[in-house]
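Enquirer: Residue numbers (this note's numbering), protein chains in the order written: chain A, 1 to 152; chain B, 1001 to 1491.
Take this structure first; my questions come after.
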């Protein structure tokens, strides 16, 4: 039995969430998509605190799909926080956003993003991106060892 | 030629003196002999003589009177007394009154008289020259706007010209006696004793509350073991005030520049926020519109009639177009905002890249692109060059009449510091009145149906070329094809 991988999608726009979820379904990708729609909750999830304390229900993801413009804390801030984290600092992070502004792109890489994807237009393109993304990051890519530490 | 008066009541003596003088001065000499009072008065009135030789005992008066009379009229005229009737007392008294020489009249002294006359004349001439020089110097000094002074090391003024008095608000030289320059100029400093020359600026507080700035240059001079100070003072108040005003102006300017810079930075910040908002916030709903329209078509195609499908397709493609517009606008604004690092760019490489990228499009339209000659290397920016040539070539093959094979010719024209690249097509051409307009943002001459596009391509070309310090334009007539040109700097 293959393990079902967890992808953490940090995205605040319900339409984007809906279309992304749909793309995963259409592509027949068997992953557990955890959705978080603001910056503070993303950090709580990754920390395993508050309502995300149960690691069975909210496991450490294999991949984080991170939007940049978020309520409470921006994607850049979450990324910066993550790279400072003693255990989770190696988690692969793919920025998934609308902006192609060089300032946004460069800052993301500077803070340690593993990849930067601009959200494509149209559902066909979105499906293709979701397919290649999971194939690359969950199948082909050799993941880092991330120590899972239970919530305190 | 010296003019000598010989005053003697004895004509023989006059003659002897006259002859002796002529012998000494070898006739380059004018002599007037005076034998009585009226002649003397006449001569005194005319004043054209340089030396007087007078006897003491005269029938109308004596030599002492003559001496006093001459000295009172012409103090610098030398007088020699040549007499046999005088004595030591007379001689002493005469010398006190300014007599130049006293010679006893005797046979052997005639020779001496002539020599004395010569030396008196020479002395008088020298004195005259010295006094003339002194006068000239004094008058110059007094005309100067620079104060000149001499004082003791203790600060007591010895001399000062008019300007010196004026600059220190003094009326007369005697007032300077009350002045202590040490107090005024040096105060507690002893600098002048440590260095021989110095120069400094001093603020003198005036009675009217204003400040007069004086530039003092002084030198310590030691003659005959007694040191004194020679100095110049200059009123530099105006310069000083101008300097202060300039400094104030500079400071104000600095403040204004800072304010303007802050304003500009504010505007730039706002612009960044605007761009940020366009690139993040405006795209998300658009993507949703497009996404859901497409999802409807994909998931519910069987329950939609052809009209509904058509509407949804239009919805999706309108959203798609808006997205492209946003992309283009952001690209255009990026061209204006970002600093382009210029470097040597081989246009041949750029063009082969562009043609390779456009291969599919070129084949589809069966377009023919000929590069006539070897293209130069420009001072440019790689990505911008790619954008520019992509736009120009794509326009060249796009705007052709239906069923016409697009033919594009690219050639270079090299000048001294720059070159012009021509992109010529066999397209529909452009009316001259639109030649400038087409380089504006979102300017289009044709409907999207006949020639699709967003109207930003040529605006990007112009902005890009300008950012690379070049120019661009078009040479075209309706129906006769277009020749677009761009001028770039050569390396």
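No residue lacks a Cβ here, since even glycine has one placed at the ideal position from N, Cα and C.
When the cut-off is 8 Å and only beta carbons count, does residue 121/A lie next to chain B?
Expert: With 8 Å as the cut-off, residue 121/A counts as an interface residue toward chain B.
Enquirer: Going by DSSP, what residues sit across from residue 1235/B in a beta bridge?
Expert: Residue 1235/B is bridged to 1214/B.
Enquirer: Could you give the distance in angstroms between the alpha-carbon of residue 1162/B and the alpha-carbon of residue 1074/B?
Expert: One C-alpha to the other measures close to 28 Å.
Enquirer: Do the CB positions of residue 1120/B and residue 1078/B come within less than 8 Å of each other?
Expert: A contact, by the Cβ cut-off of 8 Å.
Enquirer: I want to know whether the region 1008-1028 of chain B touches the region 1097-1110 of chain B - three or more CB-CB distances under 8 Å.
Expert: The region 1008-1028 of chain B is in contact with the region 1097-1110 of chain B.
Enquirer: Under three-state DSSP, which class holds residue 1291/B?
Expert: Helix at residue 1291/B.
Enquirer: On the DSSP letters alone, give me the boundaries of the beta strand (DSSP E) that residue 1370/B sits inside.
Expert: Its beta strand (DSSP E) spans residues 1368-1371.
Enquirer: According to the neighbour-count rule (16 or more other Cβ atoms, all chains shown, within 10 Å of its Cβ), is residue 1081/B buried or exposed?
Expert: Buried is the call here.
Enquirer: What residue from 1298/B, 1440/B, 1181/B has the CA that sits closest to residue 26/A's CA?
Expert: Answer by Cα proximity: 1298/B.
Enquirer: Does residue 108/A come out as helix, strand or coil in the three-state DSSP assignment?
Expert: Reduced to three states, the DSSP call for residue 108/A is helix.
Enquirer: What does DSSP give as the partner residues of residue 1062/B in its beta bridges?
Expert: According to DSSP, which records beta bridges pairwise, residue 1062/B is partnered with 1057/B.
Enquirer: Secondary structure at residue 87/A, three-state DSSP: helix, strand or coil?
Expert: Looking at residue 87/A - three-state DSSP - the assignment turns out to be coil, as it is neither helix nor strand.
Enquirer: From residue 1129/B to residue 1103/B, what does the alpha carbon distance come to, in whole angstroms?
Expert: Going by the C-alpha atoms only, they are around 27 Å apart.
Enquirer: How close, in whole Å, do the beta carbons of residue 1481/B and residue 1427/B come, if the pair is a contact with beta carbons under 8 Å?
Expert: Residue 1481/B to residue 1427/B, Cβ: 6 Å. Contact.
Enquirer: Who does residue 1344/B pair with in a DSSP beta bridge?
Expert: The partner list for residue 1344/B (beta bridge, DSSP) reads 1379/B.
Enquirer: Distance cutoff 8 Å, beta carbons only. Does residue 1424/B sit that close to anything in chain A?
Expert: False, the Cβ-Cβ gap to chain A never drops below 8 Å.
Enquirer: Tell me which same chain residues have a C-beta within less than 7 Å of the C-beta of residue 21/A, skipping the five on either side of it?
Expert: Counting only Cβ-Cβ distances below 7 Å, and skipping sequence neighbours, we find 33.
Enquirer: Can you tell me which of 1236/B, 1326/B, 1401/B, 1288/B puts its alpha carbon nearest to the alpha carbon of residue 1275/B?
Expert: Comparing Cα-Cα distances from residue 1275/B to each of 1236/B, 1326/B, 1401/B, 1288/B, the minimum goes to 1326/B.
Enquirer: Might you give, ordered along the chain, the residues of its own chain that have their beta carbon closer than 6 Å to the beta carbon of residue 1452/B, omitting 5 neighbours on each side?
Expert: Counting only Cβ-Cβ distances below 6 Å, and skipping sequence neighbours, we find nothing.
Enquirer: From residue 1442/B to residue 1372/B, what distance separates their C-alpha atoms?
Expert: Distance between the alpha carbons of residue 1442/B and residue 1372/B is about 32 Å.
Enquirer: Whole angstroms are fine: how far does the CA of residue 35/A sit from the CA of residue 53/A?
Expert: Spanning the two alpha carbons is a distance of roughly 16 Å.
Enquirer: Check whether the Cβ of residue 101/A lies closer than 8 Å to any Cβ atom in chain B.
Expert: Yes - at least one Cβ of chain B is within 8 Å of the one on residue 101/A.
Enquirer: Based on Cα-Cα distance, which residue from 94/A, 9/A, 100/A, 23/A lies nearest to residue 127/A?
Expert: The shortest Cα separation from residue 127/A among 94/A, 9/A, 100/A, 23/A belongs to 23/A.
Enquirer: Taking a Cβ distance cut-off of 7 Å, strictly less, list which residues of the region 17-36 of chain A are near chain B, in chain order.
Expert: Per Cβ criterion, the list reads 19, 22.
Enquirer: Is there a Cβ of chain B sitting closer than 8 Å to that of residue 69/A, yes or no?
Expert: Yes, its Cβ sits closer than 8 Å to a Cβ of chain B.
Enquirer: Residue range of the alpha helix (DSSP H) that residue 53/A falls in?
Expert: Taken as a continuous stretch (DSSP letters only), residue 53/A belongs to no alpha helix (DSSP H), as it is neither H nor E.
Enquirer: Please decide whether residue 106/A counts as near chain B, where near means a Cβ-Cβ distance under 8 Å.
Expert: Not an interface residue.
Enquirer: If I follow the unbroken alpha helix (DSSP H) through residue 1332/B, where does it start and stop?
Expert: Residues 1306-1337.
Enquirer: Assuming contact is defined by CB atoms lying nearer than 8 Å, are residue 1029/B and residue 1002/B in contact in what I supplied?
Expert: Yes.
Enquirer: Any C-beta of chain A sitting closer than 8 Å to the C-beta of residue 1396/B?
Expert: Chain A contact via Cβ: absent.
Enquirer: Restricting to Cα atoms, I'd like to know which of 1217/B, 1146/B, 1285/B is closest to residue 1199/B.
Expert: Closest option to residue 1199/B, Cα to Cα, is 1217/B.
Enquirer: Please list, in chain order, all residues of the same chain as residue 1401/B whose beta carbon is under 7 Å from its beta carbon, the five residues on each side excluded.
Expert: For residue 1401/B, where only same-chain residues beyond five positions count, the Cβ hits under 7 Å are 1428.
Enquirer: Considering Cα atoms alone, identify which of 102/A, 112/A, 106/A is closest to residue 64/A.
Expert: Looking at the Cα atoms, 112/A is the closest of the given residues.
Enquirer: How would you label residue 116/A, buried or exposed, when you count the other beta carbons within 10 angstroms and need 16 or more for buried?
Expert: Buried is the call here.
Enquirer: Among the candidates 1229/B, 1139/B, 1237/B, 1167/B, whose CA atom is the shortest distance from the CA of residue 1156/B?
Expert: Residue 1156/B has its Cα closest to that of 1229/B, out of 1229/B, 1139/B, 1237/B, 1167/B.
Enquirer: Does residue 1156/B come out as helix, strand or coil in the three-state DSSP assignment?
Expert: Note: residue 1156/B maps to coil in three-state DSSP.
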